[in-house]
Amino acid sequence: MSAALYNRYRPATFAQVVGQEHVTDALRKALRTGRLHHAYLFSGPRGCGKTSSARILAASLNCEQGPTPEPCGVCDECVGIRTGASMDVTEIDAASHGLVDDARDLRERAFFAPASARFKVFVVDEAHMVTAAAFNALLKVVEEPPPYLKFVFATTEPDKVIPTIRSRTHHYAFRLVPPGVLRTHLASICEQENVTVDPAVLPLIVRAGAGSVRDSLSVLDQLLAGADDDGLHYDRAVALLGVTDGVLLDETVDALAQRDGAALFTVVDKVVSAGHDPRRFATDLLDRFRDLIVMAAVPDADARGLLESFSPDQIDRMRAQAAAVGPAELSRTADVLHGGLVEMRGTTSPRLMLELILARALLPAASADPAALLTRLERLERRSVLAGPEPAAGHPAPVPGFVPGAVAGNPPFGGAGDSDGRDGPGGPGGPGGPGGPGGPGDAAGPGREPAPARPVRAAATPTSQGPASQGPAGGSWGPAPAAGGMGAGAPSGGAGYGPPPSRGAGFGPSQGAGGGPGARQGGVAGQGGVAGQGGVAGQGGGRIDAAGLRMLWDEVLVLAGRLSRKTHAILKDHAAVADVRGDEVVLAFASPTMGRMFGQGNNAELFCAALAEKIGGTWRVSVAPAGG
């Protein structure tokens, strides 16, 4: 019956200790120069060579050719230490021998001279389990030992060793073994075992071992026990280790990149149907997004050794995925997965929680945090990069202020006038002028397509109007924005020629376009009408006024509803735009109670996020005082 791999390949010399050169080189030099201490403290993660190094140090001290940095391994002392038969080298498990009585017994044995060896060595494993009283009982012998006595304390938690003991030792900190070093070590063991292993299997073992040599050898031993006659294959290793197949991870990343919900939830069904643990799948997916984040930041990460050893095809696929998703969305999705893993602890329905996590990752619009907003901005930027080419020669280019794709009822931002800010009647943009309503550019001749309508601004007509941005007063929620004052060339019979007012503009009855109280100059030109002086800010203005925001109110409400139904309900039925002051929107509410309700929670942040998504920029919101 063969021994475990970690026992058969346990290092017998300092040169065989893997990945701890900073410790082994120092100890070999101390042995070579004779500058030895009477007590050592070896600390570090499990399975990194602490106890093995303590045994090698004891063999180096007691070898017939020693003290020497390279014990022979064949003398009686070296063989006795390696097999545990030496009477002068005692290994104590402090987990079961850490009480005061055990310490007193060790202290009595310490004063007896060694039977056959040069030094009596006590190796105290799991030293953090020794009680403070037991350490105090050992303090005197550790502080002033006989010349033939050596102590080696090994622990994974050096902070639990009392300072009085720790200060009297030489402390050497062991580390986790780097993945590249560990992968090379595992490959050499497979060669010695005459087993053929797929190259993709070793990264799985390294990740399962988490930097511990002993744990990695245990995993390798398990896989070799179940390997086929022709070697250890990737599919068998994935099945035995329970990790997620790389194909499923690729499908998940592609579905998130394409925002394909059907494909994404199909992958979840495959994972659950195959019997995989949803938590493990989420963990492996988070690891994949870590690799993609590194790939997006460092295109040659594989050459620099920042990633595990992937095949060239997998590297190309991951590079394409990182470019398709984008750094902001990669980071946000990784944050969502990390938070979801915390939420999955103790859950009674792991599949449901996994689906909710992936739904949040799939829809950044469902979240109002800055990372989600940055993701949406990054998507818009990628769309602008992938937009079509410039208009070909001979085709009319859009006029200043005209946004292609604007449709009636959803007016574009624009309306840039001439150099003094006005387009009078008969001017280039005014009624009757070239390109204006009723002008020669408005009629489509035979064989010609009608030129795209351009928003215009008319000269202000003297009217007895109230303030353009005023909150509700006198029990009347502000009138809806009507068509602006009529300019030259407009028909004389209609009361309103602009688009119908949106329901979010006010809660009272709509007013006519005449000069009655409460009439607004805001609005945009309808099919036969002319825009007033209010409305959306010009393309170069970068801001919007109250009248323009009222025209976009319904669309802002839709975006707010995607973020929060509660916020949408408060704004839809109880709020109106009272004023816009730079980057501050002032809302008036039907009752003080609704205003207070809006101020609770994150309603204001969600409303500002909806504004930013629709209009751009950074916004603040305030509530108009009652009666204002």
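Under my numbering, the first residue of the sequence shown is numbered 178, with each subsequent residue one higher. Glycine included, each C-beta is placed from N, C-alpha and C at the ideal position.
Coil, strand or helix - residue i by DSSP
| i | result |
| --- | --- |
| R496 | helix |
| Y186 | coil |
| A765 | strand |
| G408 | strand |
| V251 | coil |
| I792 | helix |
| S365 | helix |
| V576 | Reliability fails at V576, whose pLDDT of 41 lies under 50, so the model's placement of it is uncertain and the value that follows must be treated cautiously. Looking at V576 - three-state DSSP - the assignment turns out to be coil, as it is neither helix nor strand. |
| A621 | Confidence at A621 is low in this model, with a pLDDT of 41, below 50, so its placement is unreliable and the value that follows should be read with caution. In this structure, A621 counts as coil in the three-state DSSP scheme. |
| R797 | strand |
| E428 | helix |
| E321 | coil |
| R436 | coil |
| R522 | coil |
| V754 | strand |
| V194 | coil |
| A181 | coil |
| V475 | coil |
| V396 | helix |
| F288 | coil |
| V420 | coil |
| G592 | Low confidence applies here, because G592 scores a pLDDT of 39, under 50, leaving its location unreliable and the question unanswered by this model. |
| G609 | Here the model assigns G609 a pLDDT of 44, short of 50, so the residue's position is not dependable, and the following value carries that caveat. Looking at G609 - three-state DSSP - the assignment turns out to be coil, as it is neither helix nor strand. |
| F487 | coil |
Beta-ladder partner(s) of residue i, from DSSP
| i | result |
| --- | --- |
| K327 | V298 |
| F219 | A331 and Y349 |
| E268 | V300 |
| V374 | L409 |
Residue j beta carbon less than 8 Å from that of residue i
| i | j | result |
| --- | --- | --- |
| A511 | F466 | yes |
| D405 | V415 | no |
| V195 | F351 | no |
| C252 | E241 | yes |
| C785 | V800 | no |
| L379 | R295 | no |
| A478 | M472 | yes |
| H215 | P322 | yes |
| I534 | A459 | yes |
| V444 | E428 | yes |
| V757 | D722 | yes |
Nearest to residue i (by Cα), restricted to the options the options
| i | options | result |
| --- | --- | --- |
| S220 | R286, T333, R436 and A181 | T333 |
| H745 | M774, L315 and G759 | M774 |
| K791 | D750, L483 and G738 | G738 |
| A287 | L316, F191, S273 and L783 | L316 |
| A311 | A271, L484 and S344 | A271 |
| P188 | E506, D412 and I258 | I258 |
| P246 | T210, D279, V277 and R223 | T210 |
| E303 | D750, M264, T228 and P380 | T228 |
| E320 | G250, R343 and A497 | R343 |
| C225 | D265, P380, N313 and G386 | G386 |
| P248 | F191, D202 and V298 | F191 |
| L337 | A309, L484 and G725 | According to the sequence as given, residue 337 is Lys; it is not Leu. Of the candidates A309, L484 and G725, the one whose C-alpha sits nearest the C-alpha of K337 is A309. |
| V298 | V277, V307, L463 and E254 | E254 |
| L514 | A724, A538 and S526 | A538 |
| Q369 | L401, G388, H347 and V383 | L401 |
For residue j and residue i, the rounded distance between their alpha carbons
| i | j | result |
| --- | --- | --- |
| E520 | V372 | 42 Å |
| P356 | V733 | 51 Å |
| Y217 | Y349 | 8 Å |
| L426 | V420 | 11 Å |
| A231 | V300 | 7 Å |
| L441 | L409 | 31 Å |
| P455 | A767 | 48 Å |
| A682 | D437 | For A682, the predicted model reports a pLDDT of 39, less than 50, meaning its position is unreliable; a value from the coordinates is still stated below. Their Cα atoms are separated by approximately 36 Å. |
| A787 | V754 | 15 Å |
| L353 | D392 | 11 Å |
| I470 | L507 | 6 Å |
| R185 | A364 | 16 Å |
| Y411 | T361 | 18 Å |
| V329 | A262 | 18 Å |
| V475 | L463 | 18 Å |
| K749 | L764 | 12 Å |
| D468 | A497 | 12 Å |
| L397 | V318 | 43 Å |
| R509 | A451 | 28 Å |
Residue i CB to nearest heavy atom of the ligand ADP below 7 Å
| i | result |
| --- | --- |
| C255 | With respect to the ligand ADP, the structure offers nothing, as it holds no ligand at all. |
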